[in-house]
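For the record, in the sequence shown the residue sitting at position 254 is 485 according to our numbering, with numbers rising by one throughout.
To start, the structure itself, in structure tokens.
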Amino acid sequence: MASKGRRLTVIFLAAVAAWTSCVLHDNFHAFIGSSSGSRCGSDSIARSAYNTILRRDPWVNKRLQSYGKQAIRLETRQAGQESLEVDVKLNAKVAKLRSLGLFEKADELEANILAKRKVAWHLNHPAVGEVWEGYLDHPDLQGGARVDIALVLDQTDPSKAMMSSVAGGFEGPVDVQPDFPISADYPQRLEDMTAYMFMKMNPIWRDFEQAVPSDEDCSRLPLFALRAFFAQVSVDNDVVYPSVEEFDKVCAEPAKGMSREEFVKWVLADDPNYMESAFPKVDTGRRIQISEEDFVLDGDFQEEAPGYIVGFVDFQGNPGGEKGKFILKLAGQNA
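Structural data, given as structure tokens:
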């Protein structure tokens, strides 16, 4: 019997074609966050437009995040930094309380965690001129032996870098593609969370057989995708919300979908903190890909371990999975 998650995927894919033909070639209004200018302070990344967040197979993502936790636990223990596991344990406790049906206690603990939220260490990374050092291993490279790697970001363009390895015997240019960070400062934080959610729930983004949609393509959500979002973040996963009538009332052009601006105005009217509480249920972490002709390093910025990126390695078309992995640490970072 198909799982609820798989049934939801089928529903998404069945509705994609019809929705795509209606809106893909229309011009959407840009979300406020898509045209934000330079900002100062700890959160100084200007977003002239959002880069579409990276896709990853859900099962691969589950394995990668599991491996990431194990790898960081080992790395931090070896460095005498077991205190970094505190937030991981608190988040696990929240999940445990929810599984036991203790939703009020879970919400209270989660609120306390959010209240103590710190600015993400990776907010302004990767940056020009940075040096990252670490290692990778893959069964098709040096017999599966661990080899050193160094990643040196370009002095003017952080999407370009040189990757080299002494033991691996290679050196060359690579492309660096990170997800956009979620700001710590309002109103940019709200715009970032909303843009991320609209991409994550976008039916074209979720259909890996289609080309990656642009930021503009992800600026609206159809009713079925919006309902999937509320089902995912709700205690009742079978909830069907909003109604057709309410959707049509909120949207200026229902056939094109709900815009980001319309969504924000709508949900915040009832609960100003709604996105702050709902976002963790759709957020799967900030991803990064480092790629060239032979390599694709697909990893995550490790929230609980400042300065670390952990992930899997695809070498010459062979995804090594947990047998092909890498760890990078920002040089000079005191994790």
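Even for Gly, the Cβ is constructed at its ideal location relative to N, Cα and C.
Being a predicted model, the structure only gives us computed values, none of them experimental.
Coil, strand or helix - residue i by DSSP
{"i": "ILE413", "result": "coil"}
{"i": "ILE303", "result": "helix"}
{"i": "ALA381", "result": "strand"}
{"i": "ASP514", "result": "coil"}
{"i": "GLU477", "result": "helix"}
{"i": "PRO404", "result": "strand"}
{"i": "SER522", "result": "strand"}
{"i": "ASN549", "result": "strand"}
{"i": "LEU499", "result": "helix"}
{"i": "LEU331", "result": "coil"}
{"i": "LEU340", "result": "helix"}
{"i": "LEU372", "result": "strand"}
{"i": "TYR281", "result": "coil"}
{"i": "ARG196", "result": "With the chain covering 232 to 566 only, the question about residue 196 has no answer from this structure."}
{"i": "ALA426", "result": "helix"}
{"i": "LEU354", "result": "coil"}
{"i": "SER465", "result": "coil"}
{"i": "PRO537", "result": "coil"}
{"i": "ALA562", "result": "coil"}
{"i": "ALA398", "result": "coil"}
{"i": "HIS260", "result": "Interpretation of HIS260 is limited by its pLDDT of 37, a score under 50 that renders its predicted location unreliable; no figure is taken from the coordinates."}
{"i": "SER185", "result": "Outside the displayed range of the chain (232 to 566) lies residue 185, so it cannot be described from this structure."}
{"i": "LEU439", "result": "According to the sequence shown, residue 439 is Phe rather than Leu. In this structure, PHE439 counts as coil in the three-state DSSP scheme."}
{"i": "VAL470", "result": "coil"}
{"i": "MET232", "result": "The pLDDT assigned to MET232 is 37, lower than 50, so where the model puts this residue is not dependable; a value taken from the coordinates is nonetheless given after this. Coil at MET232, not helix or strand."}
{"i": "PRO434", "result": "helix"}
{"i": "ALA483", "result": "coil"}
{"i": "SER252", "result": "Low local confidence applies: a pLDDT of 45 at SER252 is under 50, so the model's placement there is unreliable, and no value is given."}
Identity of the residue in the options nearest residue i by Cα
{"i": "HIS353", "options": "GLY563, ALA562, GLY555, PHE532", "result": "PHE532"}
{"i": "THR283", "options": "LYS560, GLY548, ARG517", "result": "ARG517"}
{"i": "ASN292", "options": "PHE557, ASP529, GLY538", "result": "ASP529"}
{"i": "GLY542", "options": "VAL495, GLU339, TYR298, VAL498", "result": "TYR298"}
{"i": "TYR505", "options": "PHE461, VAL544, HIS369, ILE521", "result": "PHE461"}
{"i": "MET432", "options": "GLY488, LEU561, SER508", "result": "GLY488"}
{"i": "GLN547", "options": "TRP290, ASP371, LYS320, ASP338", "result": "ASP371"}
{"i": "ILE540", "options": "ALA381, LEU340, GLU477", "result": "ALA381"}
{"i": "PRO404", "options": "ALA536, GLY551, SER414, VAL527", "result": "VAL527"}
{"i": "ASP479", "options": "GLN373, ALA500, PHE455", "result": "PHE455"}
{"i": "PHE401", "options": "ARG420, GLY555, LEU367", "result": "LEU367"}
{"i": "ASP410", "options": "TYR281, VAL544, PRO434", "result": "TYR281"}
{"i": "GLU507", "options": "ARG420, VAL544, ASP501", "result": "ARG420"}
{"i": "ALA358", "options": "GLN373, ARG329, CYS449, ALA392", "result": "ALA392"}
{"i": "VAL397", "options": "ASP388, ASP385, GLU364", "result": "GLU364"}
{"i": "LEU285", "options": "THR515, GLN301, ILE558, ALA562", "result": "THR515"}
{"i": "ASP385", "options": "GLU335, ILE413, HIS356", "result": "HIS356"}
{"i": "GLY538", "options": "LYS560, LYS556, GLY551, PHE510", "result": "LYS560"}
{"i": "ARG451", "options": "ALA426, ASP438, PHE334, GLY555", "result": "ALA426"}
{"i": "ASP388", "options": "GLY360, GLN296, ASP469", "result": "GLY360"}
{"i": "ASP525", "options": "PRO511, VAL544, ALA536, ALA509", "result": "VAL544"}
{"i": "THR307", "options": "ASN549, ALA536, GLY551, PHE557", "result": "ALA536"}
{"i": "LEU333", "options": "PHE439, VAL466, GLY399", "result": "VAL466"}
Those residues which DSSP pairs with residue i across a bridge
{"i": "MET489", "result": "LEU452"}
{"i": "PHE557", "result": "LEU367, GLY542"}
{"i": "ARG294", "result": "Answer by DSSP bridge pairing: none, since ARG294 is not bridged."}
{"i": "PHE494", "result": "Answer is none; PHE494 lacks a bridge partner."}
{"i": "VAL362", "result": "VAL383"}
{"i": "GLY530", "result": "ILE519, GLY542"}
{"i": "ALA392", "result": "LEU384, VAL405"}
Expected contact under 8 Å - CB spacing of residue i and residue j to nearest Å
{"i": "TRP436", "j": "MET430", "result": "5 Å"}
{"i": "ARG294", "j": "GLU553", "result": "6 Å"}
{"i": "ASP406", "j": "GLU523", "result": "7 Å"}
{"i": "GLN408", "j": "ILE519", "result": "7 Å"}
{"i": "ALA415", "j": "VAL350", "result": "4 Å"}
{"i": "GLU492", "j": "CYS482", "result": "No, GLU492 and CYS482 are not in contact; Cβ-Cβ is about 11 Å, not under 8 Å."}
{"i": "ILE521", "j": "MET394", "result": "7 Å"}
{"i": "LEU457", "j": "PRO473", "result": "7 Å"}
{"i": "VAL513", "j": "VAL464", "result": "7 Å"}
{"i": "LYS324", "j": "LEU340", "result": "6 Å"}
Any non-hydrogen atom of the ligand ZN closer than 7 Å to residue i Cβ
{"i": "PRO550", "result": "In the structure on display, the ligand ZN does not appear, and there are no ligands present to speak of."}
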